[in-house]
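Notes follow once the structure below has been shown.
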Amino acid sequence: MRLVVFFLCTYATLASAGESVGKSASWNGTLYGYSNHTSLRNDSLLNPGNTIARMPQRSDHLEARLNIKAENQSLRFTARPIVTLREERNAYGATAQQEAYLSQWQLRLKASDYVNLSAGREVLNWGAAQFRSPSSPFYFNNGRSNPMSELSGMDILKASLTTDDMGSLYLVKVLDSGYASQAQDPWRNSWLLKYDQYGDDWAAGLVGLKAANRAAFYSMQGQYTVNDGMLIYGELASSTQTAVLNSPADITLPYSITPESARKSTGLLGWAYTLQNGQSIIGEYLHDENGYNRAEQRAYFQRASAQPGIALGLAPRLLGRDYLHLVWQSNLMESEEYWRWMLTHGITSGDNELAGYGEYSLNPHLSAFMLGVLTMGSSRQEFSALQHNSITAGLKIVFP
């Protein structure tokens, strides 16, 4: 009943907002209602009996994602409010959560034809990569492998300069990680400098980021359009990681924690090919030196049975070092349906994850969607360490 009341109240709010905006303002939004069921591993070494993570096995969601814009000749304000209501259940009981926050917002001043000044909360993500984004210090997991995901922005002050020769320069003061920022935010009060250059069939960018008491982050990304059907791209980053869990290959040695790792590199190479029917095939290879090699990963799972909390809580962002990610998706120009298949192979550990997303338009404002994830491996492999599979299904309504 609470979900129904929330849905009706949100609908009324959107309707009244649509009547109140003027000619210099606009809005749109999407309402999501969906349920998820996740089949957890009973023999998980990282989360035995779901006692560590207390992951939900069933969850119901109602979510409103809005976009608001108001502008004149020199000022523009944009905002993306998010309102969510969740009910989650597992063997330990049920919980309900409500959230309302600004995922993104920006107040931008056009100082001249070439200079813009802005303040707000922005998603600082770039590049064409689908699986992971090495070139972004904030969004290594870019969410593009999950069509339903919502990234929340960083709180920043930004000055941008656009040149006549198709180049741009950004100087950004990163205040913190935005909504729900923690006191120990590793990038609080950091400075970012980004330069982009564009050509008729290519684009490239350089990024530098420095925070107090931490080594600098450097990255580059580029892409080249070979012909009407083929795009190739790549990203490369050099950085350190904080609170690193070391897993020596020698099983007689224990875990150890390093406050900040040595500088290591992460790189991605990818290509995208568009077929004559508009469907596209994407292939990516990722190498991340911050992950474990095969022997270290094997030892990690052996130690996990004795220390599952440490193993799960301090695990690196990816357990392995090498990954292959493949995508096959439908024509993006089709209005009635969209589908996407994703296969990720962990080269280091040998396991696989298969995901499929489908969306079908019931009318111009209402769509049904489903996302399924199937892991193929054992409890001692990355993708299958916590769960067997999950399925999410629901409806979304687009306004106005």
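Taking the working numbering as reference, the numbering of the sequence shown is continuous, increasing by one, and the terminal residue is 737. Backbone N, C-alpha and C define an ideal beta-carbon position, used for all residues, glycine too. The structure displayed is predicted, hence computed values, not measured ones.
Determine the burial state of residue i: buried for a count of at least 16 other Cβ atoms within 10 Å of its Cβ, exposed for fewer.
{"i": "glycine 646", "result": "exposed"}
{"i": "glutamine 644", "result": "exposed"}
{"i": "asparagine 550", "result": "exposed"}
{"i": "alanine 437", "result": "exposed"}
{"i": "serine 353", "result": "Because the pLDDT at serine 353 is just 47, under 50, the model does not fix this residue reliably, and the value given afterwards should be weighed accordingly. Looking at its Cβ environment, which holds fewer than 16 other Cβ atoms inside 10 Å, serine 353 is exposed."}
{"i": "valine 563", "result": "exposed"}
{"i": "leucine 582", "result": "buried"}
{"i": "leucine 446", "result": "exposed"}
{"i": "asparagine 614", "result": "exposed"}
Using three-state DSSP, classify residue i as helix, strand or coil.
{"i": "arginine 640", "result": "helix"}
{"i": "arginine 402", "result": "strand"}
{"i": "glycine 542", "result": "strand"}
{"i": "asparagine 387", "result": "helix"}
{"i": "arginine 654", "result": "coil"}
{"i": "arginine 635", "result": "helix"}
{"i": "proline 591", "result": "coil"}
{"i": "glycine 646", "result": "helix"}
{"i": "methionine 485", "result": "coil"}
{"i": "methionine 491", "result": "strand"}
{"i": "isoleucine 684", "result": "coil"}
{"i": "alanine 549", "result": "coil"}
{"i": "phenylalanine 468", "result": "coil"}
{"i": "aspartate 380", "result": "coil"}
{"i": "tryptophan 528", "result": "strand"}
{"i": "glycine 370", "result": "strand"}
{"i": "aspartate 513", "result": "strand"}
Considering only DSSP beta bridges, list what residue i is partnered with.
{"i": "alanine 407", "result": "Ala362 and Phe414"}
{"i": "phenylalanine 477", "result": "DSSP, once it has assigned bridges, lists no residue as partnering phenylalanine 477."}
{"i": "methionine 679", "result": "Val664 and Ala692"}
{"i": "aspartate 625", "result": "Thr603"}
{"i": "methionine 557", "result": "Leu543 and Leu573"}
{"i": "leucine 461", "result": "DSSP, once it has assigned bridges, lists no residue as partnering leucine 461."}
{"i": "histidine 702", "result": "None, per the DSSP bridge assignment."}
{"i": "glutamine 443", "result": "Thr415 and Gly457"}
{"i": "aspartate 792", "result": "Because the chain here runs from 338 to 737, residue 792 falls outside it and cannot be looked at."}
Between the alpha carbons of residue i and residue j, how many angstroms are there, rounded?
{"i": "arginine 378", "j": "alanine 520", "result": "34 Å"}
{"i": "proline 591", "j": "glycine 628", "result": "17 Å"}
{"i": "proline 596", "j": "arginine 640", "result": "20 Å"}
{"i": "glycine 359", "j": "phenylalanine 414", "result": "Caution is warranted here: a pLDDT of 46 is assigned to glycine 359, below 50, making its placement in the model unreliable, and the coordinate value is therefore given only provisionally. Distance between the alpha carbons of glycine 359 and phenylalanine 414: 14 Å."}
{"i": "aspartate 659", "j": "alanine 448", "result": "45 Å"}
{"i": "asparagine 409", "j": "alanine 362", "result": "9 Å"}
{"i": "leucine 723", "j": "serine 381", "result": "6 Å"}
{"i": "valine 341", "j": "leucine 368", "result": "Bear in mind that the predicted position of valine 341 carries a pLDDT of just 40, short of 50, making it too unreliable to give a figure here."}
{"i": "methionine 713", "j": "proline 585", "result": "26 Å"}
{"i": "lysine 547", "j": "lysine 510", "result": "10 Å"}
{"i": "tyrosine 516", "j": "serine 642", "result": "35 Å"}
{"i": "alanine 552", "j": "phenylalanine 706", "result": "43 Å"}
{"i": "asparagine 700", "j": "phenylalanine 736", "result": "12 Å"}
{"i": "proline 471", "j": "arginine 600", "result": "14 Å"}
{"i": "proline 385", "j": "arginine 391", "result": "10 Å"}
{"i": "arginine 654", "j": "tyrosine 429", "result": "28 Å"}
{"i": "leucine 494", "j": "asparagine 479", "result": "22 Å"}
{"i": "serine 593", "j": "leucine 444", "result": "45 Å"}
With distance defined between alpha-carbon atoms, name the residue in the options nearest to residue i.
{"i": "methionine 503", "options": "Ile419, Gln578, Asp538 and Arg402", "result": "Asp538"}
{"i": "leucine 399", "options": "Ser411, Phe414 and Asn373", "result": "Asn373"}
{"i": "isoleucine 684", "options": "Asn478, Tyr561 and Tyr622", "result": "Tyr622"}
{"i": "tryptophan 665", "options": "Gly695, Ser672, Tyr451 and Arg658", "result": "Gly695"}
{"i": "leucine 512", "options": "Leu529, Thr499 and Leu498", "result": "Leu529"}
{"i": "asparagine 689", "options": "Glu671, Phe706 and Ser716", "result": "Ser716"}
{"i": "alanine 456", "options": "Asn462, Ile619 and Met491", "result": "Met491"}
{"i": "lysine 531", "options": "Gln558, Leu508, Asn427 and Trp364", "result": "Leu508"}
{"i": "glutamate 802", "options": "Tyr697, Ser486, Pro653 and Asn630", "result": "Past the boundaries of the shown model lies residue 802; the chain is included only from 338 to 737, so the question cannot be answered."}
{"i": "glycine 545", "options": "Ser727, Ser576 and His702", "result": "Ser576"}
{"i": "tyrosine 561", "options": "Asn453, Phe554 and Glu572", "result": "Glu572"}
{"i": "asparagine 387", "options": "Leu454, Ser376 and Met485", "result": "Ser376"}
{"i": "glycine 542", "options": "Pro484, Trp463, Gly620 and Leu612", "result": "Trp463"}
Counting only beta-carbon atoms, is residue i nearer than 7 Å to chain C?
{"i": "histidine 702", "result": "Among the protein chains of the structure shown there is no chain C, as only one such chain exists."}
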